[in-house]
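The block underneath contains the structure these notes are about, expressed in C-alpha cells.
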Amino acid sequence: MARRNIIVGLDVGTTKTAVVISELYRESQVHLLGIGTSPSRGLKQGQVVDIVDTSEAIQTAAAAAEHASGIRLDRVCVGIAGGHLISHSQKAELRLRANERQISDRHVDRVVRATANIQPPEGREIVAVIPKSYSVDDLSGVSNPRGLSGRRLSVDAHVVTGAVNAMTNLENSLKMARLGVEVSVLQPLASAQACLTKEQRQDGVALIDIGGGTTDIAVFMNDHCWHISVLPLGGQIVTSDISRGLRLPMTVAEELKVKHGRIDSRATQDRNPVTVPGFDRGAPTNVRMSDLTEVIEARMVEILQHVKRELVHSGYQQLLPAGAVLTGGGSQLSGLPEMAMEVLGMPITLGRPPALWGLEENIRRPEFCTGIGLSLAGLEARSGAGLFSHEPRGVNGSIDTVKRWVKGMLTPRPEPEWEAE
Ligand SMILES: Nc1ncnc2c1ncn2[C@@H]1O[C@H](COP(=O)(O)OP(=O)(O)OP(=O)(O)O)[C@@H](O)[C@H]1O
Ligand SMILES: [Mg+2]
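Residue 375 in this note's numbering sits at position 390 of the sequence shown, and the numbers go up by one each step.
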C-alpha cells in the first residue's frame, strides 16, 4: 500500500468486521475503492475475547477488501470501542508568553496535551483526548482559538480511558493479522464523521449507534464532541431474548428479527403467525407477530431508557435542537424512530453513510457508518483537520499511536509556562 493518499478503516464490531479502503482524489474528493466484511466471532460487547477468531475475521475482511480494490493493505485506521471506555472532563491552562500572545497550532496542541497529564487508575490507560471548548482570557465557549490573542488559553477536554487488557487484546489481534495501525479513533467519533452533517454537529445533536453488542452515544455541540459513552447493550441481546422467550434457535431468532421484527402499534395487535424452523430438527413452528413484537419492544424500550439516562446525565439532553440520529445495524428495526422519539423526547432521524464516489447505494447501510467513518477520520487525522485535529499525526505502524502520544505526556515536561488543573 504505497500510495500515500489511500487510507483503510477497520471496524472490528461485535457481529461483523468491516474493512473500508478509500482514496483521497485531487485532495478533496473521497473515492471508495473497496469494502470487505466478515462475521466476527471473537468479541463480546465490543471487546475481544478470542484473539485467534478476531484475527481471522480481520484477515478475511481485509482479503475481501484487497480483492475488491486491488490494493494490498499494511496499515489501518482502527476503531476503539467497548463498554470498558469511560470519559471524564479535564481542564488545562496555558499562559502565553509576552512575545507570543497570538494563539497558534502549537499553543493549542500543547494545552490539549496538558489535559492528559493525569495518572489513570490501575489497569486503565488514556486512549483519547477530545477538546470540548476553549477559553481565551475571560472569553469562554471559543470553538477555535487559533489566531486570537490573549494571555491565557484554557481548554475543557474529554479524557477517555480504557482497560489496558482490552486495548492489548485488540492490538494482538491486529498483530496476528499482520496489520499495523496508522491511527486509532473512538468508534462513536468515526460513526459521527460518516453520518452527521456539520450543521447537526454545530447546532447540537446526539449520535446513537446501535450495534450488535454495544450502543455508542456521542453528543455534539458547536461542532465539538461534548459527551461520549458506550453502553454494553445492542441487537444481540434482543435476539437472545427472542430465542429464550419464543424458544427458537439463535440463528432463527436473528433471521426472524431482521426479516419480520416491527415495533409499531399495529404489530402489537397482529395475531398472524410466521412459520419458522424450530429446535426439533428444524420442524416448522409458528410465532405470533404480536409475541415477537412484545419481546423486541420490551428490550428496545430498556436500551432507549439507558440512552436517555446517559443523555440526562451528560447534562445536554435539553440542548439538542437537531435531536438524535440513530445508526448502526440495530437502527434498522421497523418502528424504532417513533419509539425513540417517545422515549427520548426529541426529534429522531436515521443516519447512514454519505453518498461517496464508488459507494454503491445498497452498501450505504447504517452498519457501515463506523467503517466508512474510520476511513474518513483517517484522512482527516492525516491532514490534521476537523474533528481529529488532535489525534497524533505521526505514523509508526503500531496500534498504540494514541497511547504513546498520551503516555509521553504523563510525565510533565519542565515547561514553566503551562499547568494542568
Ligand atoms: N433490520 C434489522 N432490524 C433489527 N435489527 C437489525 C436489522 N438489521 C441488522 N440488525 C442488527 O444489527 C446488529 C449489528 O449491527 P452492527 O453491524 O452495526 O454491529 P457491530 O458493529 O457488529 O457491533 P458493535 O458496534 O456493537 O460492536 C445485529 O444485532 C443485528 O441483529
Ligand atoms: Mg459497530
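We put the CB at the ideal spot given by N, CA and C, even for glycine.
query: C-alpha distance - Q30 paired with L359, whole-angstrom precision; result: 19 angstroms
query: C-beta contact flag for R337 and P351 at 7 angstroms; result: yes
query: Three-pair Cβ contact test at 8 angstroms for the stretch -9 to -2 versus the stretch 57 to 67; result: yes
query: Span of the beta strand (DSSP E), counted from its first residue to its last, around I103; result: No beta strand (DSSP E) contains I103, which DSSP labels as neither H nor E.
query: Distance cut-off 6 angstroms: V243 Cβ against heavy atoms of ligand 1; result: yes
query: Boundaries of the alpha helix (DSSP H) in which A142 is found, first to last residue; result: From DSSP, A142 is part of no alpha helix (DSSP H) but of the beta strand (DSSP E) over R137 to A148.
query: Nearest to S250 (by Cα), restricted to the options L311, E327, L231 and N154; result: E327
query: Proximity below 7 angstroms, CB of W342 to CB of H52; result: no
query: Touching by the beta-carbon criterion (3+ pairs, under 8 angstroms), the stretch 96 to 103 and the stretch 141 to 159; result: yes
query: Proximity winner among R26, L28 and V310, relative to C180 (alpha-carbon distances); result: V310
query: Under 7 angstroms between C-beta atoms of A175 and L192; result: no
query: Sub-7 angstroms separation of T253 and S275 beta-carbons; result: yes
query: From L81, M235 and E8, residue whose alpha carbon lies closest to that of L133; result: L81
query: Whole-angstrom C-beta distance between S89 and H212, which should lie under 8 angstroms; result: Not confirmed; about 29 angstroms, so no contact.
query: Residue environment, P269, which counts as buried when at least 16 other CB atoms sit within 10 Å; result: exposed
query: Selection from C354, I6, V(-7) and G(-6) that minimises the alpha carbon distance to T182; result: C354
query: Straight-line Cα distance separating Q187 from I(-9); result: 29 angstroms
query: Residues proximal to ligand 2 by C-beta, any heavy atom closer than 5 angstroms; result: G(-2), G196 and T355
query: Contact set for S7: own chain, Cβ-Cβ below 6 angstroms, skip 5 residues either direction; result: I(-8), V15, L17 and S360
query: Where Q75 sits in the DSSP three-state scheme; result: strand
query: Residues of its chain near D38, where Cβ-Cβ distance is below 7 angstroms and the 5 sequence neighbours each way are ignored; result: R26 and G27
query: Burial state of E85 (16 or more Cβ within 10 Å); result: exposed
query: heavy atom of ligand 1 below 6 angstroms from Q221 C-beta; result: yes
query: G27 beta carbon near ligand 1 (any heavy atom closer than 6 angstroms); result: no
query: G(-6) and L70 closer than 7 angstroms at C-beta; result: no
query: Alpha-carbon spacing of T163 relative to M206, whole angstroms; result: The sequence as given places Arg at residue 163; Thr does not occur at that position. Cα to Cα, R163 sits roughly 38 angstroms from M206.
query: Cβ neighbours of V4 in the same chain (closer than 6 angstroms, five flanking residues each side left out); result: L(-5), G21, A46, A47 and A50
query: Integer-rounded CB distance, given that D208 should sit under 8 angstroms from G313; result: Between D208 and G313 the Cβ distance is about 22 angstroms, and since that is not below 8 angstroms, they are no contact.
query: Spatial neighbours of T199 in its chain, beta-carbon cut-off 8 angstroms, leaving aside the 5 residues before and after; result: T(-1), Q30, G31, A66, G67, G68, V215, L216, P217, L218 and G219
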